[in-house]
Each structure stands twice: as structure tokens, then as C-alpha cells.
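Residue numbers (the working numbering): -19 to 135. Even for Gly, the Cβ is constructed at its ideal location relative to N, Cα and C.
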Ligand SMILES: *[C@@H]1O[C@H](CO)[C@@H](O)[C@H](O)[C@H]1NC(C)=O
Ligand SMILES: *[C@@H]1O[C@H](CO)[C@@H](O)[C@H](O)[C@H]1NC(C)=O
Ligand SMILES: *[C@@H]1O[C@H](CO)[C@@H](O)[C@H](O)[C@H]1NC(C)=O
């Protein structure tokens, strides 16, 4: 049946496009694939957030960003050359409310890596903030962003 095989092909293409985590993502009742995406931009500033100069603020590339829940690393990603990191999670494995309440982002790469004038000790950390759901093709993406980074001075 033509429409069905078209759907299967579209699903395969989408699954390949968003890589491994989405391959086993939830197929909801609506027929959409559920996916949780935590995405943000890390800036090369004293607190990791965008500076007064707005979009001309330098970014923090190649930084290791870890998702920690109750002190345990759950997932990680590196910022690309635009300072953007993206962590994809399967909604089958996470309860959204506990993710938002008990998890945070920790940056494991010292700020001095992107600017030698910034601290070589201390970790950037941010709580999570829910943005909402967007449907992209057959994906229902739950978008989460860092609320705001701050520098934790210890370690
Ligand atoms: C903002 O940009 C101006 C002009 O380029 C520069 O002098 C200043 O240091 C920048 N401020 C910050 C906080 O980066
Ligand atoms: C960094 O990742 C973001 C989000 O995936 C993407 O929009 C951007 O084009 C990437 N930048 C580079 C330089 O690849
Ligand atoms: C997308 O997922 C959210 C959270 O699971 C759900 O509340 C919403 O109804 C879904 N949207 C669609 C169009 O399926």
C-alpha cells in the first residue's frame, strides 16, 4: 500500500536524521515520534551567558556539557564551533517533571579554555527550563533550554 510505505520511509529518514537516540524514541498515540531536546549556546564569558554585546559575544566551542540528575551523569554533548550543544533524550526513559526538577547542566571544560583571562577553576552550571513542544515533520520535540548558567567556584 503506497501511503503506508511512504510513511515507513519518512520515519526511517527522520530517525537517521536525528541519529541514535531518536531511533528508539516513543511513537505516541498521535503517530508522532516523541523526542526531548535540551539545546543551548554557551558563551565565552565569566558566567557562560550572552554578554552585553549581544550576538557579537564570543562563544565557547568544544566545551563538554553534561546532563546531571541527582549528581549522576545521564548524557553529554560538546558545543560546536557556534557554541551550540544539543542533547537528545528518549521520552520513554524520562519523566519530564523530574527531569526539570532534579537535573541540571554542568560544563566540564574550564572557561580558561576559550579565554585565558577567564577562570581555570570552577564549573558552569544551569538549571533547565521548558520551552514547549514543536512538531517537526513526524517528530514531536519537547524543547528544553538552560535557564541561565552561573559559575560554581569550587573544584
Ligand atoms: C563590547 O564591544 C565593545 C566594542 O567592540 C568592546 O570594547 C567591549 O569590550 C565589549 N564588551 C564586552 C563585555 O565584551
Ligand atoms: C552548531 O549546531 C547548531 C544546532 O545544531 C547548528 O544550527 C549550527 O549550524 C552548528 N554550527 C556549526 C558551525 O556547525
Ligand atoms: C507532543 O508531546 C507532548 C508531550 O508529550 C504532548 O502533550 C502533546 O500533545 C504532543 N503533541 C502532539 C501534536 O502530539
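query, result
"DSSP has residue 99 in a bridge; who is on the other side?", "Paired residues: none, contrary to the question."
"Following a CB-centred definition, is residue 42 positioned closer than 6 Å to any heavy atom of ligand 3?", "no"
"Whose CA, out of 58, 79, 81 and 97, lies closest to the CA of residue 20?", "58"
"Could you tell me which residues DSSP puts in a beta bridge with residue 16?", "69 and 122"
"Which stretch, first to last residue, makes up the beta strand (DSSP E) that contains residue 47?", "44 to 49"
"Is residue 56 near ligand 2, with its Cβ less than 6 Å from a heavy atom?", "no"
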